Amino acid sequence: TQLLEQSPQFLSIQEGENLTVYCNSSSVFSSLQWYRQEPGEGPVLLVTVVTGGEVKKLKRLTFQFGDARKDSSLHITAAQPGDTGLYLCAGESGAGSYQLTFGKGTKLSVIP
Amino acid sequence: ETGVTQTPRHLVMGMTNKKSLKCEQHLGHNAMYWYKQSAKKPLELMFVYNFKEQTENNSVPSRFSPECPNSSHLFLHLHTLQPEDSALYLCASSHNRGVYEQYFGPGTRLTVT
Numbered sequence: 010t011q012l013l014e015q016s017p018q019f020l021s022i023q024e025g026e027n028l029t030v031y032c033n034s035s036s037v038f039s040s041l042q043w044y045r046q047e048p049g050e051g052p053v054l055l056v057t058v059v060t061g062g063e064v065k066k067l068k069r070l071t072f073q074f075g076d077a078r079k080d081s082s083l084h085i086t087a088a089q090p091g092d093t094g095l096y097l098c099a100g101e102s103g104a105g106s107y108q109l110t111f112g113k114g115t116k117l118s119v120i121p
Numbered sequence: 042e043t044g045v046t047q048t049p050r051h052l053v054m055g056m057t058n059k060k061s062l063k064c065e066q067h068l069g070h071n072a073m074y075w076y077k078q079s080a081k082k083p084l085e086l087m088f089v090y091n092f093k094e095q096t097e098n099n100s101v102p103s104r105f106s107p108e109c110p111n112s113s114h115l116f117l118h119l120h121t122l123q124p125e126d127s128a129l130y131l132c133a134s135s136h137n138r139g140v141y142e143q144y145f146g147p148g149t150r151l152t153v154t
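Chains as they are written, first to last, in the numbering used here: chain P, 10 to 121; chain H, 42 to 154.
Quick look at the structure:
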């Protein structure tokens, strides 16, 4: 069974600070996706990384896929209250299954 | 209307009731999914449909019955639920080839009393 461990589980920071959250596994994934979920809503896809070592930027968010495609990180620069939410990573095994393996998420609170 | 829609957004039902959740996607996808999201647990995949055919059933109790009449619509029929079934039920859709980026609906918050 593939597992994705996300850390930290909770993070509370002041507006303007930088932060990094992690998504780790002992399994290799063909791709990895990051989602943000706000309370009472469904997850919204932020980015998909496919190639080992790949780095993608989305405004103040930087996503990196590990060289071995077993882990990923999300770095937020100058966090804003609008970044508050649950950040989920999800890995695709690439074995012909439609299933994504989800982590439990990192709950981020950005305090004004 | 765009994306993935779900109705109702909130549902309170007794353990003897029968209700249905509806999901519709306007993204031209061929795969659709039902997930359960409970507090302190990762998203749990319940069912997967590809071109209206069920391809995954992750040991879901029979009190949950999915239906997929076409690639754009997905239903989850509920009957004789238990209080522990209270959760956010999410529908998602994706293409069925390449990278399976999943697009989620807003969910139905279900409370079983």
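Built from N, CA and C at the ideal position, the CB exists for glycine as well.
None of these values were measured; they are calculated from a predicted model.
Using 8 Å as the Cβ pair cut-off and three pairs as the minimum, do the stretch 144 to 151 of chain H and the stretch 125 to 133 of chain H touch?
-> yes
Any residues in the stretch 44 to 61 of chain P with a beta carbon nearer than 9 Å to a beta carbon of chain C? Which ones, in chain order?
-> Within the model displayed, chain C is absent; protein chains P and H are what it includes.
Within chain P, partners of Q66/H - CB distance below 8 Å = Taking the second sequence and counting its residues from 1, the one referred to as residue 66/H is at position 25. Simply none; closest approach about 12 Å.
Over the uninterrupted beta strand (DSSP E) stretch that includes Q15/P, give me the two end residues.
-> The sequence position of residue 15/P within the first sequence is 6, counting from 1. 14 to 16 is the extent of the beta strand (DSSP E) around Q15/P.
Using a Cβ-Cβ cut-off of less than 8 Å, list which residues of the stretch 76 to 107 of chain P approach chain H; keep chain order.
-> L97, A99, E101, S106, Y107
Three CB pairs or more closer than 8 Å across the stretch 27 to 40 of chain P and the stretch 77 to 90 of chain P = yes
Quick one: is T77/H buried, meaning 16 or more other Cβ sit within 10 Å of its Cβ, or exposed?
-> As a first step, residue 77/H is located in the second sequence; it is residue number 36 there, counting from the start. It is Lys, not Thr, that sits at residue 77/H in the sequence shown. K77/H comes out buried.
Bounding residues of the beta strand (DSSP E) (the contiguous stretch that carries A133/H) | What you label residue 133/H is simply residue 92 of the second sequence in a count that begins at 1. A133/H -> beta strand (DSSP E) spans 128 to 135.
By Cβ distance, which residues of its chain are closer than 8 Å to F38/P, with the 5 residues on each side in sequence left out?
-> Numbered from 1 along the first sequence, position 29 holds the residue referred to as residue 38/P. Here the set comprises Q11, R78, K79, G100, E101, S102, G103, T110.
Through-space distance from C32/P to L151/H, alpha-carbon basis | Looking up residue 151/H in the second sequence gives position 110. Looking up residue 32/P in the first sequence gives position 23. Rounded to whole angstroms, L151/H to C32/P spans 29 Å at the Cα level.
DSSP-derived helix/strand/coil call for D76/P = The sequence position of residue 76/P within the first sequence is 67, counting from 1. Three-state result, D76/P: coil.
Note down, in chain order, each residue of its chain lying with its Cβ closer than 6 Å to the Cβ of L95/P, except the 5 sequence neighbours on either side.
-> Taking the first residue of the first sequence as position 1, residue 95/P is located at position 86. Only Q46, G114, K116 meet the Cβ criterion.
Positions along the stretch 106 to 123 of chain H whose CB lies within less than 9 Å of some CB in chain P | none
Since G148/H meets chain P, which of its residues come closer than 8 Å, beta carbon to beta carbon?
-> Stepping through the second sequence from its first residue, residue 148/H is reached at position 107. Going along chain P in sequence order, the residues near G148/H (Cβ under 8 Å) are G49, E50, G51.
Using alpha carbons as the reference points, say which of H120/H, K63/H, S112/H lies closest to N137/H.
-> The count along the second sequence starts at 1 and reaches residue 137/H at position 96. When only C-alpha atoms are compared, the closest one is S112/H.
Of all Cβ atoms in chain P, is any one closer than 8 Å to the Cβ of E94/H?
-> The residue given as residue 94/H occupies position 53 in the second sequence. E94/H does not count as touching chain P.
Could you work out which residues of chain P lie near N98/H, taking near to mean beta carbons separated by less than 9 Å?
-> The sequence position of residue 98/H within the second sequence is 57, counting from 1. None at all; the shortest Cβ gap to chain P is about 12 Å.
Measure the alpha-carbon distance for H114/H versus V140/H and round it to whole angstroms.
-> Your numbering for residue 114/H matches position 73 in the second sequence. Your numbering for residue 140/H matches position 99 in the second sequence. Cα to Cα, the separation comes out at about 22 Å.
Leaving out five residues on either side along the sequence, give the residues of the same chain with a beta carbon under 6 Å from the beta carbon of V64/P.
-> Here the question's residue 64/P lines up with position 55 in the first sequence. Around V64/P: Q73.
CA nearest to the CA of S35/P, picked from S81/P, E50/P, Q18/P | Walking along the first sequence from the start, residue 35/P turns up at place 26. S35/P has its Cα closest to that of S81/P, out of S81/P, E50/P, Q18/P.
Determine the DSSP secondary structure at G91/P, reduced to helix, strand or coil.
-> The residue labelled residue 91/P in the question sits at position 82 within the first sequence. G91/P: helix per DSSP, three-state reduction.
Give me whichever residues DSSP pairs with G44/H in a beta bridge.
-> If you number the second sequence from 1, residue 44/H lands on position 3. Partner(s): none; G44/H has no beta bridge.
Using a C-beta to C-beta distance shorter than 7 Å, which residues of chain P count as neighbours of E142/H?
-> Along the second sequence, read from residue 1 onward, the residue named residue 142/H stands at position 101. Ordered by position in chain P, the residues that pass the 7 Å Cβ test against E142/H are Q42, L54, T57.
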